[in-house]
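Trainee:
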Amino acid sequence: MISVLWGIVALCWMVLALIPVIGITNWLLIPFAAVGALIAAVGILFTRSENRGRAKTGLILNGIVIVVAAIRLSMGGGLI
Numbered sequence: 001m002i003s004v005l006w007g008i009v010a011l012c013w014m015v016l017a018l019i020p021v022i023g024i025t026n027w028l029l030i031p032f033a034a035v036g037a038l039i040a041a042v043g044i045l046f047t048r049s050e051n052r053g054r055a056k057t058g059l060i061l062n063g064i065v066i067v068v069a070a071i072r073l074s075m076g077g078g079l080i
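In structure tokens form, the structure reads like this:
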């Protein structure tokens, strides 16, 4: 459950970071989403198979945020 909430916060932050001047916050967003993905991975490893849906959703959300933020950083040269 924590990883899903973490992913939703990261997703909202990512949408805000798509604004050109605020794009530099992607440098903070990628580690933030990586922590959320790590929490989801731990949730997948240490829960029973029928209760892994939320952890998988959190992993997917945080993964999407990491990929989009990395693409956005590469497009702006890491600065904007």
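In this text, residue positions in the sequence shown follow full-length UniProt numbering: the first is 1, and each later residue adds one.
Ideal Cβ placement from N, Cα and C applies to all residues, glycine included.
Here the structure is a predicted model, which is why all the values come from computation and not from measurement.
1. In whole angstroms, what is the alpha-carbon distance linking Val9 and Ala33?
2. Taking the alpha helix (DSSP H) that Met14 belongs to, which residues open and close that run?
3. Under the assumption that Leu61 contacts Asn26 (Cβ atoms under 8 Å), give the Cβ distance between them as a whole number of angstroms.
4. Quick one: residues in its chain with C-beta nearer than 7 Å to the C-beta of Ile2, no 5 flanking neighbours on either side, listed in chain order?
Mentor: The structure says:
1. 9 Å
2. 2–17
3. Not quite, the Cβ-Cβ distance comes to about 16 Å (not below 8 Å), so this is no contact.
4. Ile39
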